[in-house]
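Written below as structure tokens is the structure these notes are about.
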Amino acid sequence: MDPFRVVRDFEAALCEYTGARYAVTTNNCTMALFLALMWKRIREGTQTVVLPSRTYPSVPMVVRQAGHHVSFRDYMWQNKNSPACYSLGSMDIWDCARWFKRNMHRDNSMECVSFHPQKCLALSTGGGAILHDDSEADAWFRRARFDGRHEGVATKDDTYDMMGWHCYMMPAAAAEGLQRLSV
């Protein structure tokens, strides 16, 4: 029996709903942003990320933790096309913690969504996801969120050749997400 099958089912349902080719779930949106920012640093190097002055405190913190620099600009980031979603500087990473709708995915971008109890889907234990269309990033995200391990490989049999973080979504949260998404 595979307890993480429900996580993969939830990720597939997220893809179908949002139009993204891939969805990688995490334990919260902050970790989704962190993994996306780490991927960008690995691929494109350190950047200065311009953020709106009024953003959640964890956003500039994960920018720094991922090895980038932070700069703030005073601007209102809400608009009619994405009322609660903004890009992290010139990166194709979007903080969509308060915005989640059908067919929301933008090609060649990474939208990080939140399933916090006070946000979209309102999962009792929270959660997050990276919606994207990059197969190479997808493989890296899946290992990075799972302690650098390969999913489905026993701990004693796995190779530990990359850094990872313990931030995967628990099956109970994914099951709740599947239920809420189907309503």
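Residue numbers (the working numbering): -11 to 171. C-beta atoms are modelled at their ideal positions from N, C-alpha and C, and glycine is treated no differently.
* Local conformation of residue 99 per DSSP, three classes -> strand
* **Reference residue 17; option with closest CA among 134, 126, 118 and 89** => 118
* Which word fits residue 147, buried or exposed, when buried means at least 16 other C-beta atoms lie within 10 angstroms of its C-beta? -> exposed
* To do: Following the continuous beta strand (DSSP E) through residue 116, name the residue where it begins and the one where it ends.
  => 116 to 120
* Asked: Which residues in the same chain as residue 128 place their Cβ atom closer than 7 Å to its Cβ, once the five residues preceding and following it in sequence are excluded?
  -> 27
* So, residue 162 versus residue -5, is the Cβ gap smaller than 8 Å? -> yes
* Among 5, 46, 85 and 122, the one whose alpha carbon lies nearest that of residue 73 -> 85
* Proximity below 8 Å, CB of residue 108 to CB of residue 14 -> no
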